Every structure is written in C-alpha cells, then in structure tokens.
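Here's the structure we're looking at; comments come further down.
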Amino acid sequence: MHFQAPGSVVSYYQQVGRAGRGVDHADVVLLRGGEDRRIQDFFIEQAFPARERVRAVLDELETAGGEGRTTRELMGVVNLGMGRIEAMLKILDAEGAVRRSGNRWQAVPAGGWSYDADRYEQVTALRRAEQRAMANYGIDGRCLMRVLQEELDEPDPRDCGRCSVCAGPRFARPPSPVLVEIAQRHLRSRPLELEVRKMAPDEAGTMRKIPEDARTETGWALARPGDGGWWPAIERGLSAGWLDDEIVVALAEALRASETRADWVTSVPSAHLGGVCNELGERLAAELGVEYVALVERTEPRPPQREMANAVQQVANVRGAFAITTPPPPGTGVLLDDRRLSGWTLAMVGGQLRRAGAQAVVPVALSTLS
Ligand SMILES: [Zn+2]
7 MHFQAPGSVV
17 SYYQQVGRAG
27 RGVDHADVVL
37 LRGGEDRRIQ
47 DFFIEQAFPA
57 RERVRAVLDE
67 LETAGGEGRT
77 TRELMGVVNL
87 GMGRIEAMLK
97 ILDAEGAVRR
107 SGNRWQAVPA
117 GGWSYDADRY
127 EQVTALRRAE
137 QRAMANYGID
147 GRCLMRVLQE
157 ELDEPDPRDC
167 GRCSVCAGPR
177 FARPPSPVLV
187 EIAQRHLRSR
197 PLELEVRKMA
207 PDEAGTMRKI
217 PEDARTETGW
227 ALARPGDGGW
237 WPAIERGLSA
247 GWLDDEIVVA
257 LAEALRASET
267 RADWVTSVPS
277 AHLGGVCNEL
287 GERLAAELGV
297 EYVALVERTE
307 PRPPQREMAN
317 AVQQVANVRG
327 AFAITTPPPP
337 GTGVLLDDRR
347 LSGWTLAMVG
357 GQLRRAGAQA
367 VVPVALSTLS
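Going by this note's numbering, the residue at position 10 of the sequence shown is 16; the numbering climbs one at a time, nothing skipped.
Right, here's the structure in full:
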C-alpha cells in the first residue's frame with residue numbers, strides 16, 4: 007500500500023513490483039492526496055540551486071580565499087537548508103568550482119566553471135514530464151497495467167482486465183465512522199513534547215550554548231500540520247479566526263497531564279493572525295485559572311519565519327524582532343504561539359522573558375512542524 011505517490015510511473019512500477027515477490031496473490035493500493043504534488047515539487051526544485059544562490063556562495067568563497075568557509079557559515083549567507091547547501095557544494099565540487107579541505111570549502115581560482123542552465127532546465131523538464139504522467143495515472147481511464155507497460159516501453163502493452171480501471175474499484179468503501187472516531191481520539195490523546203533548545207547559532211553561524219538562565223522548559227504542542235488528530239480543528243479555527251473551546255481545554259489538559267506548573271500565560275504576537283493568539287492565551291489562562299499578561303511586542307515587521315530555510319537565517323529573523331514590554335510576574339509562565347515551525351521564535355522569545363526575570367518559561371504551540 008502506497009501512502010503518497012512517487013515522482014514517476016517508472017519508480018512506482020519498480021516499487022509495486024516488489025509486492026508480487028514470493029506470494030501467490032498481492033493487492034496493490036495507491037493512496038494519493040494533494041500533498042503528493044507539493045512533495046514532488048520540493049524535490050524537483052531543490053535538485054538544482056538557483057543561479058543567484060550559487061553566485062552568492064561562490065562570491066563568499068572567493069572573498070574567503072584560502073581560509074574557506076564551513077557549511078554553517080554559508081548558511082548565514084544563503085537562505086537554503088543545510089542539506090541543500092551541501093547538495094549544491096557537492097555539485098560544485100564534482101564540476102571543479104570548489105574543493106573541500108577538512109570541514110571547510112574553498113573556491114577553485116580560475117576554475118573556468120559556469121552555471122549550466124541549459125542542462126539543469128533539461129533535467130527539470132524531464133522530471134516535470136514524469137510528474138505529469140504520474141498525476142494522470144489512474145485518472146485518465148487507461149488500464150493501470152497498460153500505462154506501466156507503455157511507460158517502460160514494453161513491446162506488447164495490453165489491458166489487464168483485473169485493475170480498478172478494467173474491473174472496477176474494490177477498496178472504495180468509505181471507512182467506518184466508528185473506526186475514524188477511535189483513530190482520532192487516539193491521535194488526540196498524546197500531546198507532542200517540544201525538546202529544550204540548548205544550542206543556538208550566533209550571527210556568524212557558529213553554534214553556541216544557550217546559557218541556563220536563558221533556556222525554556224520542555225514544551226508542548228497539540229498537532230503536526232496535516233495529522234488526523236487535532237490538526238483539522240486547529241486549521242479550521244485559525245482560518246475562521248476562532249478556535250473551538252475543546253482546543254483550549256486540550257492545551258490546558260496537556261499541561262496538567264505533564265504536571266507542568268503554570269502561574270501565568272503570555273503569547274507571541276502573531277504577524278498574520280491578528281488577535282487570535284492573544285485571545286487564545288486569555289482563554290487558556292482562564293481555563294488554567296491563572297492570569298493572562300501581554301508581555302511580548304513585535305518591534306519591527308519581519309518576513310514570515312517559514313521563508314527562512316535554515317537555523318542561522320531563522321535565528322537572525324527573530325533576533326531583535328520582539329521586545330518584552332513589562333517585567334514578567336513571578337513563577338512559571340506559559341508562552342503560547344500558534345504554529346511552531348523551527349522552534350526558534352519560542353526559544354528566543356522565551357530566552358528574552360527569562361532575561362527579563364521570568365523564573366521559568368514553558369513553550370506551548372497549537373501545532374509543530376519539527
Ligand atoms: Zn487493467
């Protein structure tokens with residue numbers, strides 16, 4: 007059974023071929039969704055870095071000369087994830103534009119390297135064609151087996167008479183509502199633990215220890231984006247501008263179940279949600295029977311955190327973006343955010359609250375990506 011479709015019909019064929027090995031009978035099921043395309047897009051788009059990104063890395067390495075740069079240092083220069091920077095450096099290394107010396111990268115002077123846009127475009131066009139063929143698979147009325155045979159250039163493709171196109175769907179019944187309910191209850195029953203951040207990159211990209219007195223406590227989130235537990239209710243609530251009471255109760259329950267102390271609640275002011283998060287903070291405080299205090303303020307507009315591709319950029323985007331307006335009350339505070347992406351906003355604003363005098367800060371988010 008496939009959950010999400012692979013990027014090409016050929017890959018799919020190779021994968022489902024395994025189902026028939028060593029057994030007399032195998033059923034093959036493909037579960038697909040809208041996210042398939044986004045995941046495939048990600049891999050297609052990240053295969054070759056954009057020209058200006060490559061230029062930025064090469065410029066930086068040329069400036070650095072013999073000293074070179076580490077991958078982490080380059081993360082401060084280009085807004086790409088570490089894996090993508092490493093992939094780029096590997097391509098450049100193979101093509102003779104850079105070389106590796108220990109954990110540092112150097113530009114190869116007068117290496118005669120140029121950005122081969124034509125070749126990158128050709129490969130990308132091929133991947134897009136494969137993606138289109140996969141998207142059409144099973145919905146264009148052609149026998150599933152025949153399509154696989156045609157894609158593999160087999161000499162005599164023919165309708166199989168057994169697949170869901172030839173013989174009609176066999177697994178198309180809706181799931182039992184009782185089972186769906188049990189599954190959702192199960193998924194909702196366990197909040198996600200947010201690990202304490204102990205290291206953070208400085209402005210040059212070097213990882214430094216976060217001092218004890220600027221750390222947050224273990225935090226909690228209710229959902230991961232796209233999950234079948236709390237996520238649908240959270241997504242609905244965020245787009246409607248009002249979160250159901252059951253979400254507020256679940257947040258309070260997560261704190262109680264983990265025996266997390268809470269003496270007050272504050273929230274990260276959301277750039278895109280207006281008052282939803284503050285309001286949620288007030289309701290959570292009421293549910294916990296503690297006071298809500300507005301302590302955090304945005305000092306300047308910044309691009310959304312989701313546009314930051316690596317930790318160095320994420321931290322830089324939060325640094326200086328928030329201020330603590332009044333000293334925190336005594337005791338342990340809950341710091342609430344709506345959607346946690348990298349965790350740096352909660353870690354850094356939590357650190358600012360600690361520095362402003364908070365005894366302990368517990369990060370809490372509706373959803374978390376990592
Ligand atoms: Zn068929």
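A virtual CB, placed ideally from N, CA and C, is assigned to each residue, including glycine. The model shown is predicted, which means the values in this text are computed figures rather than measured ones.
Coil, strand or helix - residue i by DSSP
i: TYR121; result: coil
i: PHE9; result: strand
i: PRO183; result: helix
i: VAL22; result: helix
i: ASP344; result: strand
i: GLY337; result: coil
i: GLN365; result: coil
i: ARG168; result: coil
i: SER264; result: coil
i: LEU158; result: coil
i: ARG105; result: strand
i: THR130; result: helix
i: LEU272; result: The amino acid at residue 272 is misidentified as Leu; the sequence shows Thr. Strand, per DSSP.
i: VAL16; result: helix
i: ILE97; result: helix
i: ARG332; result: It is Thr, not Arg, that sits at residue 332 in the sequence shown. Here THR332 sits in coil by DSSP.
i: VAL370; result: strand
i: ARG360; result: helix
i: ALA113; result: strand
i: MET140; result: helix
i: GLN323; result: It is worth fixing the name first, because residue 323 is Asn in this sequence and not Gln. In the structure shown, ASN323 sits in a helix (DSSP, three-state: H, G or I).
i: ILE145; result: coil
i: MET354; result: helix
i: ALA315; result: coil
i: LEU257; result: helix
i: GLY174; result: coil
i: ARG27; result: coil
i: GLY87; result: coil
i: LEU150; result: helix
7 Å Cβ cutoff, residue i in contact with chain D
i: GLU297; result: The structure shown contains no chain D, having only a single protein chain.
CA-to-CA distance, residue j to residue i, given in whole angstroms
i: VAL84; j: PHE9; result: 33 Å
i: THR338; j: ASN109; result: 42 Å
i: ALA122; j: PRO55; result: The sequence given here has Asp at residue 122, not Ala. Straight-line Cα distance between these residues: approximately 11 Å.
i: GLU101; j: SER120; result: 9 Å
i: GLY167; j: GLN46; result: 30 Å
i: ALA263; j: VAL368; result: 14 Å
i: THR224; j: TRP350; result: 14 Å
i: ASP251; j: ALA329; result: 30 Å
i: GLY234; j: GLN190; result: 6 Å
i: GLY71; j: ALA322; result: 25 Å
i: ASP269; j: PRO307; result: 30 Å
i: GLU373; j: ARG346; result: Looking at the sequence provided, one finds Ser at residue 373 rather than Glu. Whole-angstrom Cα-Cα distance: 6 Å.
i: GLY295; j: ASP208; result: 38 Å
i: GLY144; j: VAL171; result: 7 Å
i: THR130; j: TYR18; result: 19 Å
i: ASP65; j: PRO310; result: 27 Å
i: ASP379; j: ARG138; result: Because the chain spans 7 through 376 in this model, residue 379 falls outside it and cannot be assessed.
i: GLY89; j: ALA315; result: 10 Å
i: ALA210; j: PRO275; result: 28 Å
i: GLN409; j: ARG27; result: Because the chain is modelled from 7 through 376, residue 409 falls outside the range shown and cannot be assessed.
i: ASP219; j: ALA246; result: 38 Å
i: LEU98; j: VAL104; result: 6 Å
i: ALA32; j: CYS169; result: 12 Å
i: GLY363; j: VAL35; result: 56 Å
i: ASN284; j: VAL340; result: 12 Å
Contact belief for residue i with residue j at Cβ below 8 Å, rounded distance in angstroms
i: THR272; j: ALA300; result: 7 Å
i: GLY13; j: ARG133; result: 7 Å
i: ALA256; j: ARG194; result: 7 Å
i: MET81; j: VAL60; result: In fact, because the Cβ distance is near 15 Å, the residues do not count as touching under 8 Å.
i: LEU375; j: PRO231; result: 6 Å
i: GLU303; j: THR331; result: 5 Å
i: GLY74; j: GLN112; result: 4 Å
Handout entry: Length at least 3, wholly inside the stretch 189-253: the beta strand (DSSP E) runs in chain order
Key = 198-200, 205-207, 213-215 and 225-229
Practice task
Scan the stretch 276-311 and note each continuous beta strand (DSSP E) run of 3 residues or more that stays entirely inside, going in chain order.
Solution key: 302-304
Handout entry: Start-end ranges of the alpha helix (DSSP H) lying completely within the stretch 29-85, minimum 4 residues
Key = 41-53, 57-70 and 77-81
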